[in-house]
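Trainee:
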Amino acid sequence: MASSKVYVVGVGMTKFEKPGSKDWDYPDMAREAGTKALDDAGIAYDQVQQVHVGYVYGDSTSGQRAVYELGRTGVPITNVNNNCSTGSTALYLAAQAIRGGLYDCTLALGFEKMQPGSLMSQFDDRTNPMMDHLMALAELQEFAMPPAPYMFGAAGREHMERYGTTLEHFAKIGYKNHKHSVNNPYAQFQTEYTLEEIQNSAVIYSPLTKLQCSPTSDGSGAVILASEAFVDKHGLGDQAVEMIGQAMVTDMESTFTDNSAQSLVGKEMSREAARQVYEQAGITPDDVSVIELHDCFSANELITYEALGLCADGEGGKLVDNDDTTYGGRWVVNPSGGLISKGHPLGATGLAQCSELTWQLRGTADARQVERAAQPGGVALQHNIGLGGAVVVSAYRKAQ
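Have a look at this one:
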């Protein structure tokens, strides 16, 4: 069966907030983000034929409870949990339904209501899904707590040892993303810091300081996807953004056989997902103008430059030194401020990335606008990773 084209026709998100700082619950978040996406598409909820809802921390069928804020129409609703790539996994499933010709209009929605502090396992009476990764990493770098900064910090240390990357390279990424967030009203943090403030903030796990780490966050994001027939029927061509490539990749044997901290935090998954997307879309990294990637920690942004093919292995630091990943450079990476500054409500992160790139391609990103992204032929790239593991990479272009 020939695959159908997939279009983003509506996006919406809440402002990301510090956990507990706002008096709201996940149904409130979902109602706000979902209503914004429907209004953006100019459609009613009863035109949505299938829904995928992502969240990591919550009871079974929280997805239904969240979506019932938009309506109760009997359509299929699935609950999705893929760690930090949960939002993009919901997006992947919603796109798959359009691509396969099963539906003409689907909704991907994600939310998270989180606890303050570092991510920790919620269950101590069963196998930790990250245990194999942690045990393999402990053979390379002495184990430390909390687990997430330990894992990504260890990948950063390995990069330093292999390629001569410096502490300043990672700090500059934190500096860039906080600076970008100043222009994003949806960001949890909108403060610009000096490079010295980034470097001198509390060390969480070297080379990572506090201002190079994404925070826990509350918030929601939503994306309406549609087929070409739906776009034509409803006159949505002017606002539609085509998804020209998408891939999901999970851990491969190389994750554990490479004897590499970078592989254990998903670099090779990311590389393979990007390869598939470039092939599907018929593009190269040079065709891309704007990128939203998973900077849960500054170290992961740097190694992801290499995984996405923006440079060769070991040359991520050169991109930083040359300002190749900010305004005026070859790409603008994380114009939203990224996870480091925008925030990271796990189930919403991938959908917020899609929202940002949709605004960029439409030319409606206001002070964050990457000018060449909104020009004819502009291409955007999205990367979202969850350890344990899954990576989703997507490419977009304004509908022709």
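Numbering (full-length UniProt numbering), first residue to last: 1 to 400. Where a beta carbon is used, it is the ideal one built from N, C-alpha and C, also for glycine.
#1: Counting C-beta neighbours from all protein chains within 10 Å, is the total for E253 16 or more, i.e. buried, or is it exposed?
#2: Smallest Cα separation from I385: which of C105, T250 and A240?
#3: Counting along the chain, where does the beta strand (DSSP E) carrying Q141 start and finish?
#4: Sorted by chain position, which residues of the same chain lie with C-beta nearer than 7 Å to G20's C-beta, five sequence neighbours on each side aside?
#5: Under DSSP, the alpha helix (DSSP H) around I283 begins and ends at which residues?
#6: Indicate the three-state DSSP secondary structure (helix, strand or coil) for D321 in the structure shown.
#7: Could you pull the start and end residues of the beta strand (DSSP E) that T250 belongs to?
#8: Can you tell me whether N334 is buried or exposed? The criterion is at least 16 other CB atoms within 10 Å of its CB, across all chains shown.
#9: Based on the DSSP output, what are the partners of I291 in its beta bridges?
#10: Where does S336 land, buried or exposed, given buried means 16+ other C-beta within 10 angstroms?
#11: Per DSSP, G54 forms a beta bridge with which residues?
#12: With which residues is V393 paired in a DSSP beta bridge?
#13: Under 7 Å between the Cβ atoms of Y13 and Y193?
#14: Pairs of beta-carbons, one from the stretch 154 to 169 and one from the stretch 275 to 284, closer than 8 Å: are there three or more?
#15: Measuring only the C-alpha atoms, how far is H178 from G74?
#16: Under the rule that 16 or more other beta-carbon atoms within 10 Å means buried, what is L195, buried or exposed?
#17: Hey, how far is the Cα of D59 from the Cα of M145?
#18: Between which residues of its own chain and S201 is the CB-CB distance below 6 Å, once the five residues before and five after are set aside?
#19: Taking the alpha carbon of I204 as the point to measure from, which residue in R72, Q190 and G156 has its own alpha carbon closest?
#20: From which residue to which residue does the beta strand (DSSP E) around I224 run?
#21: In the DSSP output, what is V6 paired with across the bridge?
#22: Just confirm the distance between the C-beta atoms of D340 and S214, as a whole number of angstroms; I'd bet it's less than 8 Å.
#23: Does any heavy atom of the ligand GTP sit closer than 6 Å to the C-beta of G350?
#24: May I ask you to report which of helix, strand or coil DSSP gives L167?
#25: Could you please give me the residues that DSSP links to C354 through a beta bridge?
#26: According to DSSP, is residue 402 helix, strand or coil?
#27: Using the three-state DSSP reduction, which class does K398 fall into: helix, strand or coil?
#28: Just list the residues that DSSP pairs E17 with in beta bridges.
#29: Under a Cβ-count criterion, where at least 16 other Cβ atoms within 10 Å of its own Cβ denotes burial, should T127 be classed as buried or exposed?
Mentor: Looking at the coordinates:
#1: It counts as exposed.
#2: Minimum Cα-Cα distance from I385 among the listed residues C105, T250 and A240 corresponds to T250.
#3: Per DSSP, Q141 is not a residue of any beta strand (DSSP E), being assigned neither H nor E.
#4: These residues qualify, in order along the chain: P116.
#5: Note, I283: premise wrong, no alpha helix (DSSP H); not H, not E.
#6: The three-state reading of DSSP puts D321 in helix, counting H, G and I together.
#7: That run of the beta strand (DSSP E) goes V241 to T250.
#8: Around the beta carbon of N334, 16 or more other beta carbons lie within 10 angstroms, which makes this residue buried.
#9: According to DSSP, which records beta bridges pairwise, I291 is partnered with V333 and L381.
#10: That one is buried.
#11: Partner(s): V80 and G110.
#12: Answer is A247 and H383.
#13: Inspection of the sequence shows that residue 13 is occupied by Met rather than by Tyr. In this structure, Y193 does not lie closer than 7 Å to M13 by Cβ.
#14: Cβ pair count under 8 Å is below three, so no.
#15: Cα to Cα, H178 sits roughly 42 Å from G74.
#16: Residue environment analysis places L195 among the exposed positions, since fewer than 16 neighbouring C-beta atoms fall within 10 angstroms of its C-beta.
#17: D59 and M145: Cα-Cα distance of roughly 27 Å.
#18: Within the same chain, S201 has close Cβ partners T209, K210 and L211.
#19: Nearest to I204 by alpha-carbon distance, out of R72, Q190 and G156, is G156.
#20: For I224, the enclosing beta strand (DSSP E) stretches over residues G219 to A226.
#21: According to DSSP, V6 bridges with M243.
#22: The amino acid at residue 340 is misidentified as Asp; the sequence shows Ile. Indeed they touch by this definition, with Cβ atoms about 5 Å apart.
#23: This structure simply doesn't include the ligand GTP, nor any ligand for that matter.
#24: Under the three-state reduction of DSSP, L167 is assigned to helix.
#25: Residue pairing of C354 in beta bridges, as defined by DSSP: absent, with no partner found.
#26: As displayed, the chain neither begins before 1 nor continues past 400, which places residue 402 out of reach and without an answer.
#27: Strand.
#28: According to DSSP, which records beta bridges pairwise, E17 is partnered with D218.
#29: Looking at its Cβ environment, which holds fewer than 16 other Cβ atoms inside 10 Å, T127 is exposed.
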